[in-house]
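One structure is given here, and the rest of the page talks about it.
Protein chains: 2
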Amino acid sequence: MEKKQNTLYVGSLAKGLRLLRAFDESHTELSLVALAERSGLDKSAVQRLANTLHIEGMLDKDPVTRRFRPSHAWLELAYAYYWSDQLVGQAIPKLIDLSQEIGETVNLAELSRDHIIYVSRLPCQRTYFAATVIGRRLPALSTSAGRAIISTFSPEDREEAIETWPLKPFTARTTLDRATIRTSINEAVQQGHAISSDQMILSEIGVACPIIGPDGRAFAAVQCSVSAHTWTRERIRAEILPRLQDTANAISPSSQVHRR
Amino acid sequence: MEKKQNTLYVGSLAKGLRLLRAFDESHTELSLVALAERSGLDKSAVQRLANTLHIEGMLDKDPVTRRFRPSHAWLELAYAYYWSDQLVGQAIPKLIDLSQEIGETVNLAELSRDHIIYVSRLPCQRTYFAATVIGRRLPALSTSAGRAIISTFSPEDREEAIETWPLKPFTARTTLDRATIRTSINEAVQQGHAISSDQMILSEIGVACPIIGPDGRAFAAVQCSVSAHTWTRERIRAEILPRLQDTANAISPSSQVHRR
DNA sequence: GCGAAGCGTATCATATAATAATACTTGATA
DNA sequence: TATCAAGTATTATTATATGATACGCTTCGC
Numbered sequence: 711m712e713k714k715q716n717t718l719y720v721g722s723l724a725k726g727l728r729l730l731r732a733f734d735e736s737h738t739e740l741s742l743v744a745l746a747e748r749s750g751l752d753k754s755a756v757q758r759l760a761n762t763l764h765i766e767g768m769l770d771k772d773p774v775t776r777r778f779r780p781s782h783a784w785l786e787l788a789y790a791y792y793w794s795d796q797l798v799g800q801a802i803p804k805l806i807d808l809s810q811e812i813g814e815t816v817n818l819a820e821l822s823r824d825h826i827i828y829v830s831r832l833p834c835q836r837t838y839f840a841a842t843v844i845g846r847r848l849p850a851l852s853t854s855a856g857r858a859i860i861s862t863f864s865p866e867d868r869e870e871a872i873e874t875w876p877l878k879p880f881t882a883r884t885t886l887d888r889a890t891i892r893t894s895i896n897e898a899v900q901q902g903h904a905i906s907s908d909q910m911i912l913s914e915i916g917v918a919c920p921i922i923g924p925d926g927r928a929f930a931a932v933q934c935s936v937s938a939h940t941w942t943r944e945r946i947r948a949e950i951l952p953r954l955q956d957t958a959n960a961i962s963p964s965s966q967v968h969r970r
Numbered sequence: 711m712e713k714k715q716n717t718l719y720v721g722s723l724a725k726g727l728r729l730l731r732a733f734d735e736s737h738t739e740l741s742l743v744a745l746a747e748r749s750g751l752d753k754s755a756v757q758r759l760a761n762t763l764h765i766e767g768m769l770d771k772d773p774v775t776r777r778f779r780p781s782h783a784w785l786e787l788a789y790a791y792y793w794s795d796q797l798v799g800q801a802i803p804k805l806i807d808l809s810q811e812i813g814e815t816v817n818l819a820e821l822s823r824d825h826i827i828y829v830s831r832l833p834c835q836r837t838y839f840a841a842t843v844i845g846r847r848l849p850a851l852s853t854s855a856g857r858a859i860i861s862t863f864s865p866e867d868r869e870e871a872i873e874t875w876p877l878k879p880f881t882a883r884t885t886l887d888r889a890t891i892r893t894s895i896n897e898a899v900q901q902g903h904a905i906s907s908d909q910m911i912l913s914e915i916g917v918a919c920p921i922i923g924p925d926g927r928a929f930a931a932v933q934c935s936v937s938a939h940t941w942t943r944e945r946i947r948a949e950i951l952p953r954l955q956d957t958a959n960a961i962s963p964s965s966q967v968h969r970r
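Protein sequence lines correspond, in order, to chains A and B.
Residues 711 to 970, numbered by my numbering, are exactly what the first sequence covers, in order.
Residues 711 to 970, numbered by my numbering, are exactly what the second sequence covers, in order.
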């Protein structure tokens, strides 16, 4: 087994993690062989690793179907994550206020390499399930939050992101043309916020304001998703944006003490 | 190293997991030796394991302090968890409606052995941070949600839970007397809901209704936390309880198709 | 009701891959 | 500048994980 690196890389551990990552929105419970297929490991290895994960409480095993599923321990990890993320603690009360004020879904997104990840979500209206789940990771270029963040980068970094970061079609109208995205991000540079439509789901409009770090560069954004059926961009700018902006600003400057 | 079991138990993987679990609310970032102390492993082992976790993206490493922290991957695991939990998908839209109606914090709690774990939280008022974080695991006996769930058990199971499940003092007024808890649970048996005060934090009142499975036994509860400064038990029963009950019922019967 | 296929489980000889001791490097403290 | 604590690198040793093989149980299709 010619895994990565040597000596201070524990292959068995890495393989176990592969098993955990085999689960996603379309693979919610997996049998032994399914796990083997998805992880690329052989049956014996999966047998041992999955068994270990089960004993350690990281995987639940249905006694009748013998299928494995994520356990509550996965949520406990999220719990630990939240305490370690300075920004969330800072932001949460302000996000609650904002969501109460505007009565629409409010999200906190953080940059995660070339993606954004929703770290906190406060749904106010019924929405599709995926819009309520934390931990969703989406290409930064395709989201209002990502564009808002990128808009705070230096021109070079901005261009690099626009040119090289990944894109993926989610709806028929997801923008895959980088020139169009550049235009959108340039607007965000001018206006201090980003707006996008129909990117993740049709008839959805997203607005986002960057949370700017001490170095002037954003690492996160406050974002709001609304339905195009009840909102226009103009109304969003008039009614939502000011408060969204205030919230993002309120989170931004005070964070300089914490970020390291 | 005489770890548990044999042959189909991969010790290295288990040790790696110990490292992940070393992080919690009061240990948000850990150095190599701190990690060694908390996990009970020796420095060399931690070095290798932590390095592996870092390479695999499960731990962030501060380039200057060299400390490790939970990475965004921990949230991605939570994301996968949510898709695998049938109940959450079922419940979320109804919980959103409920929280909008009553304007107070609404939680979904699941039974996790002798604890409950908050699976979904919809904060409506500013609260302390811990009340907004998913994945919090609390002794079932000390929470309204846990008591509501236990109240649906058979008399024997109920008694066993009351007598043997763990308790831990969180506030000066956390009930540690099992007889008092028995009374509270018996009330819940009669009334179909549980109410508790001052258990996790002072001046907080929790109300919960069980989500009853096809076998008549609850495995989860809808819970609502309010401040004792603005609410009395009477007003809670009059204004919150009916809707809470409806929500729990709405989630309960339809779930029989899914639960396995 | 039989045979085959698919999957989960158990066993075991082998050498790979993890171990833990040791030594080196860095940087903070006094 | 000396000391200490913490992170990093190296190495010989063997324990530990490996994966091939075989067994048993269901679930099909015939």
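Every residue gets a Cβ at the ideal spot worked out from N, C-alpha and C, and that includes glycine.
**OP:** Anything in chain A within Cβ reach of F733 (chain B), meaning under 7 Å, just list it in chain order.
**Re:** Going along chain A in sequence order, the residues near F733 (chain B) (Cβ under 7 Å) are A790, S794.
Original post:
Would S894 (chain B) pass as a contact of R857 (chain B) if the rule is Cβ separation under 8 Å?
Top reply: Yes.
Subject >> For V720 (chain A), the three-state DSSP class (helix, strand or coil) >> reply: Reduced to three states, the DSSP call for V720 (chain A) is coil.
Original post:
Leaving out the 5 sequence neighbours to the left and right, which residues in its chain are closer than 8 Å to T881 (chain A) when beta-carbon positions are compared?
Top reply: If the five residues before and after T881 (chain A) are omitted, its C-beta is found closer than 8 Å to the C-beta atoms of D908, Q909, M910, I911, L912, all from its own chain and listed in chain order.
Subject >> For L763 (chain B) and K771 (chain A), the rounded distance between their alpha carbons >> reply: If you draw a straight line from the Cα of K771 (chain A) to the Cα of L763 (chain B), it comes to about 25 Å.
Subject >> Contact with chain B by W784 (chain A), beta-carbon distance below 8 Å >> reply: Chain B, which has a Cβ nearer than 8 Å to the Cβ of W784 (chain A), makes this yes.
Original post:
In whole angstroms, what separates the C-alpha of R804 (chain A) from that of Q810 (chain B)?
Top reply: One detail in the question is off: residue 804 (chain A) reads as Lys in this sequence, not Arg. Straight-line Cα distance between these residues: approximately 18 Å.
Subject >> Distance between beta carbons of I915 (chain B) and I905 (chain B), contact taken as under 8 Å >> reply: That pair is a contact at about 7 Å.
**OP:** Compare the C-beta of Q810 (chain A) with all C-beta atoms of chain B and state if any pair is closer than 8 Å.
**Re:** Taking Cβ atoms only, chain B reaches closer than 8 Å to Q810 (chain A), which makes this a yes.
Original post:
Among A:L886, A:C834, A:F863, A:P849, which residue has its Cα nearest to the Cα of Y828 (chain A)?
Top reply: The option with the nearest alpha carbon to Y828 (chain A) is A:P849.
**OP:** For T940 (chain B), count neighbouring Cβ atoms within 10 angstroms of its own Cβ and tell me buried if that reaches 16, exposed if not.
**Re:** It is exposed - the Cβ of T940 (chain B) has fewer than 16 other Cβ atoms within 10 Å.
Subject >> Secondary structure of Y838 (chain A), DSSP reduced to three states >> reply: Three-state result, Y838 (chain A): coil.
Original post:
Taking the alpha carbon of A732 (chain A) as the point to measure from, which residue in A:P773, A:R776, A:L832, A:P780 has its own alpha carbon closest?
Top reply: Cα-wise, what sits closest to A732 (chain A) is A:P780.
Original post:
Comparing the C-beta of T842 (chain B) with each C-beta of chain A, is any distance below 8 Å?
Top reply: Yes, T842 (chain B) lies at the interface with chain A (some Cβ there is under 8 Å from its Cβ).
**OP:** Determine the contact status of A790 (chain A) and G767 (chain A), defining contact as a CB-CB distance below 8 Å.
**Re:** For A790 (chain A) and G767 (chain A), no; Cβs fall outside 8 Å.
Original post:
I806 (chain B) and R836 (chain A) look like a contact to me (Cβ under 8 Å); what is the Cβ gap, rounded to whole Å?
Top reply: Between R836 (chain A) and I806 (chain B) the Cβ distance is about 6 Å, and since that is below 8 Å, they are a contact.
Original post:
Taking 7 Å as the cut-off, is the CB of D887 (chain A) close to at least one heavy atom of the ligand ZN?
Top reply: No copy of the ligand ZN appears in this structure; indeed no ligand is present at all.
Subject >> With 16 other Cβ atoms within 10 Å as the buried cut-off, status of L727 (chain B) >> reply: When all chains shown are included, L727 (chain B) counts as buried.
Original post:
Is there a Cβ from chain A that is less than 8 Å from the Cβ of A724 (chain B)?
Top reply: Interface residue, yes.
**OP:** Compile a chain-ordered list of the residues in the segment 756–769 of chain B whose CB is closer than 9 Å to at least one CB of chain A.
**Re:** Result list: Q757, R758, L759, N761, T762, L763, I765, E766, G767, M768.
Original post:
Name the chain A residues whose beta carbon is nearer than 8 Å to that of R836 (chain B)?
Top reply: Here the neighbours are P803, I806, D807.
Original post:
Which residues of chain A have a Cβ atom closer than 8 Å to the Cβ of R846 (chain B), listed in chain order?
Top reply: Scanning chain A for C-beta atoms nearer than 8 Å to the C-beta of R846 (chain B) yields Y789, reported in chain order.
Subject >> Chain-ordered chain B contacts of P833 (chain A) [CB-CB under 7 Å] >> reply: Those are I806, listed as they occur along chain B.
**OP:** Identify the contact partners of P876 (chain A) in chain B, using a Cβ-Cβ distance below 7 Å as the criterion.
**Re:** Within chain B, no C-beta atom comes less than 7 Å from the C-beta of P876 (chain A); the nearest is roughly 16 Å away.
**OP:** Please name the residue or residues paired with D770 (chain A) in a DSSP beta bridge.
**Re:** BP columns for D770 (chain A) point to A:R779.
Original post:
Roughly how many angstroms lie between the CA atoms of R947 (chain A) and T862 (chain A), to the nearest whole one?
Top reply: Each residue's Cα considered, the two are about 20 Å apart.
**OP:** Identify, in the order they occur along the chain, each residue of the same chain with its Cβ nearer than 8 Å to the Cβ of I844 (chain A), setting aside the five sequence neighbours on each side.
**Re:** So the qualifying residues of the chain are A788, Y828, V829, S830, R831.
Subject >> chain A contacts made by the segment 931–943 of chain B, where a contact means CB separation under 9 Å >> reply: Taking 9 Å as the upper bound on Cβ-Cβ separation, chain A lies near no residue of the segment 931–943 of chain B.
Original post:
Going by C-alpha distance, which of A:A960, A:N959, A:S962, A:Q933 is nearest I812 (chain A)?
Top reply: Across the set A:A960, A:N959, A:S962, A:Q933, the C-alpha of A:Q933 shows the shortest separation from the C-alpha of I812 (chain A).
**OP:** Compare the C-beta of S822 (chain B) with all C-beta atoms of chain A and state if any pair is closer than 8 Å.
**Re:** Closer than 8 Å to some Cβ of chain A, the Cβ of S822 (chain B) qualifies, so yes.
Original post:
Going by the CB atoms, is the gap between L808 (chain A) and R953 (chain A) shorter than 8 Å?
Top reply: Contact flag set, yes.
Original post:
Based on the DSSP secondary-structure assignment, which residues constitute the bridge partners of T815 (chain B)?
Top reply: Paired residues: B:S935.
Original post:
F863 (chain B) CB to nearest chain A CB: under 8 Å?
Top reply: It does not: the Cβ of F863 (chain B) has no partner Cβ on chain A nearer than 8 Å.
Original post:
Relative to the alpha-carbon of W793 (chain B), which residue among A:H737, A:L818, A:I765, A:D925 has its alpha-carbon at the smallest distance?
Top reply: In terms of Cα proximity to W793 (chain B), the closest of A:H737, A:L818, A:I765, A:D925 is A:H737.
Subject >> Residue range of the beta strand (DSSP E) that includes A898 (chain B) >> reply: No beta strand (DSSP E) contains A898 (chain B), which is instead part of the alpha helix (DSSP H) from 888–901.
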